[in-house]
Structures are given as C-alpha cells and as structure tokens.
Amino acid sequence: MIHQSFYWASLLLILAMSGCSSYRATALHPASSELLEAAEAAAASPSPVPRSEPEGELTLPHALALAFQKNPGLKAALLEIGAAEARALQAGLPPNPQIAIELENLAGSGALSGFDGTESTIVLTQALLLGGKLRKQRTQAALEGDLVAWDAAQKRLDLYSAVHNAFNRLLIAQEDIAQKHELLQLSDTLLATTTRRVQAGKVSPAETSRAQVMVAQNRIALERARRSLEAARRQLAATWGSREARFSRVNGQFGELFDLPPEDSLRMLLPANPDMARFDSAIQQCKAGIALEDARALPDLSLSAGLRHLNESGDLALVFGLSVPLPLADRNQGGRAEARQLLSKTEQEQEAVRIAMETSLAEAYGWYRTVKTEVQALQAQIIPQAEAAYRKINQGYLQGRFDFLDVLDAQRTLYEAKDRHLHALREFHETVVRIERLIARRIH
C-alpha cells in the first residue's frame, strides 16, 4: 500500500510541476512584401536554377532567382530562424525532476558497524516555477523568433536591392564599353584624316602627334572600361555566391524614365518596411521581458517526495520536503530595472529609425527629381546639340574651316555628355531601387 502511495504521489508531483500548456515555438514569418513576390516566386518555381553557373545572356528575373536560391547570407538568415525556433522550444521545456538515493547508518561503529541499522531513502525532487515563469519564457522566446524572421525579411530586401543595382551597373558598363569603343574608332579615323592632311601640307605635323595622343588616351579609357565591366560582372555573380561570372552579358533596359507616386503617398508606406515593422515585435518582446523579470522576483519552490526503508525493522515510510529561497537581498531588482530600460531604449530606437527613414525618403525623392531632370535635359537637348556641333565641326575640319583642336574639343564635349548621361541613368535607377527598399514595394 505504501509502495502504491509513493508511486501515485511521485507521478502527480511530476505532472503537476512539469507543465503541459501549449505554446508557440515557431516564428511568425512576416508576409512577403510586394517588392519580393516576383523574386520569391522565381526562386520557388518548379524549374530550379541549375547548380552550374549561368552561361549566355542573363536577365534580371534569372539573376534574382539565382540570388534568392544561392546567396549564402540569405541562407544564413533563414537558418537563424530555425535556431531561434529551437531556442523557443527549449525555453518552453520545464525543469527535469531529480532523483536521489541516500544510505544512512552503515559502516559505523557498535550496533551500526554492519548493515542491520541501515536506512535507505529514494527521493524525487521537482522544481516548481512560480509566477508563470515558464509561460513567460515561452512568450519571450517566441517573440525573439519573430524578430529573427523580420531580420531575414530585411536580408531579402537588401539582396533584392543589391541584385538590382549590380544588374543596372552591369547594363551601364556594357553601354560604356560600346561608347568607349565608338570613341576610339572616331579617334582612329581622325588620326588617319589628320595624317593625310599633314602629308598634303595643309596642317602642322604637330597635329598628328596630338591625334596620336588622343588615340592612346581613348585606348586607355577603353581598357579601364573593360576592367570596370569585369568588376561589375563579378559583383553581380557575388550576389548568388559565385567567385566568377561565366555569363556572357546581361540583357535589359536602363534608358527608360518613369514617374514616381507623390512623396506623401510613399511616406505612408514606410511602416510596412521590415526596418520599421519589426519594432512591433521588439516592443512586445521587451514587455514580455518585463513580465518575466517581475516573475523572477518571486522565488521558486522545490518539492520532494520519497520512500525510506529501515533495514533493521523492514518498515517503509514516506518522505516529503519543501524548500524555498528567502528573498532577503536578491529580489531581481537589477533584472527588472534592466528590462524597463530596454523597453524605453527600443521605443527610442523605433522613433530614431522612423525619422531616419523619412529623412532618407525625402533625400532620395529629391535626388530622383534632380537626376530625372538631368537625364531628360541630356537626352532632349545637350547630347543632340553636341552631336550636331561635332558633325559640323568635323565636316568643317575636312574642308579646312576648323582646326584640329576644334574637332578635339567638340568630340570631348559630346562624349563627356554621353558619359554623364550614363552616370545619371545609373543614379536614377539606384535612387528608384533605394526608394523601393524604403517602402518595401515595387514602383516600376
């Protein structure tokens, strides 16, 4: 009968103190923003991206799919979600019971020299967490997983922006190569024309030297453009974790301009950005931390139940115990104060991020207007006028109405305008991508 009483008492002790309430161990994955839907759909398409490096022409959707499937940084962020879920699982587990076996009154002296007077005791001890500590630990750990999921969403947005910028830089680098090659051909033609005019005695031989210098400079510029192209190719390949670029070229459009929605309407979309949205989970986690630290001020109980056997008489007896720390000095004052400071800190960080994002949007939108106006002026006025001036001066040079320096100056003016056009287009698209990153939504 005593054996059965001990069995049921021990079983009830374990069930009562181990806890059986349900809890959330998986992170609440943030919904994909409109900005990422196309890229994530490509990454999850039934036709997987081949493991080998892409060859031939590369499009932007293909580059995005490669990056979203293979980028090591994104993979690490997704693995961290799994680690956070494992931590949440661990935080929801109650403490294990302890079992102890004690032998008393043996190997002594006199009547206790043998084992006749031995008393053996088996005790089961279980810590009892009071104040809902276990539930509050579960809540805080689950919210930490939510923050990690928001961090992964930030990584996705950063990767989207990095692929777009690298792709656009490569498109412009390809066009820059074409312009530099065209300029070198014009320089070669001008050198041949100048050489014939020198041989005909129409101009000074010094102009041949000037033309040769110009050809050499343009050849160097072409070589620099080729090196920049290779660097841009490697930067794009790096977004999917490759050390080399085997594709031949990228195929896309970069010369198109488009209008953005009003700045005020874009500002209203900022709260959807993971950089801002994560603070809802962060503040909830801080509040959960306050609740947990307050609960830790309450000491936990330690209950024990056991069975004692008296060898001399053969009798059995139940043993029960209760222990609790006395909160005389440590009432978790520091932990409770720290938790409240962390909440205030997080609220201030939220406000700082909000101001920074609004400022960044205002700056980006202003720069978008500037570069758009510049591109339009270059396309509509400056480049056409520079081309017309170059044609007239070059034709006049062949007729002897202009000298070599006039041709050189017109050529330099034209291609500086074309270089500035490419640079402004790059700034335009990078600014649009920056705005898309801020509002977490595709604009065009």
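For the sequence shown, the working numbering assigns the number 45 to the initial residue and increments by one for each residue that follows. Virtual Cβ for every residue (Gly too), placed ideally from N, Cα, C. Since we're looking at a predicted model, the values are computed, not measured.
So residue i and residue j are in contact, right, with Cβ under 8 Å, and what is the actual spacing, rounded?
i, j, result
"Leu-360", "Ile-166", "Rounded, the Cβ-Cβ distance is 11 Å, inconsistent with contact."
"Arg-478", "Leu-313", "Actually they do not touch by this definition, with Cβ atoms about 14 Å apart."
"Glu-431", "Leu-466", "Going by Cβ atoms, the distance from Glu-431 to Leu-466 rounds to 15 Å, so no, they are not a contact pair."
"Leu-187", "Leu-118", "Rounded, the Cβ-Cβ distance is 23 Å, inconsistent with contact."
"Phe-211", "Leu-104", "5 Å"
"Arg-213", "Gln-279", "7 Å"
"Ala-269", "Ala-281", "At roughly 19 Å, the Cβ-Cβ gap does not stay under 8 Å, so Ala-269 and Ala-281 are not in contact."
"Phe-323", "Ile-216", "The pair is not a contact, with the Cβ atoms about 37 Å apart (cut-off 8 Å)."
"Tyr-412", "Val-476", "7 Å"
"Ala-196", "Ala-132", "Contact flag wrong, Cβ pair sits at about 15 Å."
"Glu-474", "Asn-209", "6 Å"
"Pro-139", "Ala-171", "5 Å"
Would you mind sorting residue i into buried or exposed? The rule is 16 or more other CB atoms within 10 Å of its CB.
i, result
"Gly-333", "buried"
"Thr-183", "buried"
"Ile-483", "buried"
"Lys-224", "buried"
"Ala-127", "exposed"
"Val-207", "buried"
"Lys-246", "exposed"
"Leu-110", "buried"
"Phe-364", "exposed"
"Ala-107", "buried"
"Ser-367", "exposed"
"Ser-491", "Residue coverage of the chain in this structure runs from 45 to 488, which leaves residue 491 outside it and unanswerable."
"Glu-274", "exposed"
"Asp-220", "buried"
"Leu-422", "buried"
"Lys-389", "exposed"
"Leu-102", "buried"
"Glu-395", "exposed"
"Ala-424", "exposed"
"Gln-261", "exposed"
"Leu-178", "buried"
"Leu-405", "buried"
If distances are taken between C-alpha atoms only, which option among the options comes closest to residue i?
i, options, result
"Glu-163", "Gln-170, Thr-169, Glu-146 and Val-242", "Glu-146"
"Glu-148", "Leu-354, Glu-101, His-467 and Glu-124", "Leu-354"
"Val-259", "Leu-442, Thr-239 and Trp-194", "Thr-239"
"Leu-235", "Val-476, Leu-214, Asn-438 and Asp-324", "Asn-438"
"Thr-403", "Asp-220, Arg-287, Arg-311 and Glu-393", "Arg-311"
"Val-242", "Val-415, Leu-452, Leu-442 and Arg-456", "Leu-442"
"Ser-325", "Gln-420, Gly-189, Val-363 and Leu-168", "Gly-189"
"Leu-173", "Gly-440, Pro-141, Ala-255 and Val-476", "Pro-141"
"Leu-137", "Leu-280, Val-476, Pro-116 and Gly-176", "Gly-176"
"Ala-144", "Trp-411, Ala-349 and Pro-369", "Ala-349"
"Ala-135", "Lys-180, Ile-399 and Ser-253", "Lys-180"
"Val-451", "Pro-116, Pro-315 and Thr-233", "Thr-233"
"Arg-470", "Gln-218, Ala-132 and Asn-262", "Gln-218"
"Ile-327", "Ala-265, Ser-248, Gly-440 and Gln-385", "Gln-385"
"Gln-256", "Leu-230, Leu-422, Arg-271 and Trp-194", "Leu-230"
"Arg-456", "Ala-321, Leu-228, Ile-399 and Ala-373", "Leu-228"
"Arg-464", "Ile-426, Asn-209 and Leu-168", "Ile-426"
"Glu-393", "Cys-330, Ala-424 and Arg-375", "Cys-330"
"Trp-284", "Ser-253, Pro-116 and Glu-474", "Pro-116"
"Ser-346", "Asn-376, Ser-253, Asn-317 and Leu-168", "Leu-168"
"Asn-295", "Ser-309, Glu-382 and Arg-277", "Arg-277"
"Ala-316", "Trp-194, Asn-209, Leu-178 and Gln-113", "Trp-194"
"Leu-372", "Glu-382, Pro-343, Glu-391 and Leu-387", "Pro-343"
"Pro-428", "Leu-178, Arg-445, Thr-414 and Ala-461", "Ala-461"
"Ala-468", "Pro-139, Arg-254 and Thr-414", "Thr-414"
"Gln-113", "Ala-222, Ser-286, Glu-267 and Arg-254", "Ser-286"
"Leu-222", "Ser-253, Ser-309 and Arg-263", "A small correction: the amino acid at residue 222 is Ala; Leu does not occupy that position in the sequence shown. It is Arg-263 whose Cα lies nearest to the Cα of Ala-222."
List the DSSP bridge partners of residue i.
i, result
"His-353", "Ser-164 and Leu-360"
"Arg-293", "Glu-101"
"Glu-148", "Glu-163"
"Thr-169", "Gln-142 and Ser-348"
"Leu-366", "Leu-347"
Who are the Cβ neighbours of residue i in its own chain at under 6 Å, not counting the five residues just before and after it?
i, result
"Ala-454", "Ala-433, Tyr-434 and Ile-437"
"Glu-251", "Thr-238 and Phe-448"
"Pro-98", "Phe-291"
"Pro-249", "Val-242"
"His-488", "Phe-302"
"Ala-383", "Gly-333, Ile-334 and Glu-337"
"Arg-375", "Ala-341"
With a threshold of 7 Å on Cβ separation, who are the neighbours of residue i within its own chain once the five nearest residues in sequence on each side are excluded?
i, result
"Arg-565", "Shown here, the chain extends from 45 to 488; a query on residue 565 therefore has no answer."
"Ala-335", "Lys-180"
"Leu-191", "Arg-322, Ser-325, Ala-326 and Gln-329"
"Arg-481", "Leu-201 and Ser-205"
Tell me which same chain residues have a C-beta within less than 8 Å of the C-beta of residue i, skipping the five on either side of it?
i, result
"Leu-301", "Lys-416, Val-419, Gln-420 and Phe-472"
"Asp-319", "Gln-198, Val-397 and Met-401"
"Pro-124", "The identity of residue 124 in the sequence shown is Glu, whereas the question assumes Pro. Contacts found: Val-192, Asp-195 and Ala-196."
Would you please verify whether the beta carbon of residue i is less than 8 Å from any beta carbon of chain B?
i, result
"Pro-428", "Absent here is chain B; the protein component of the structure consists of one chain."
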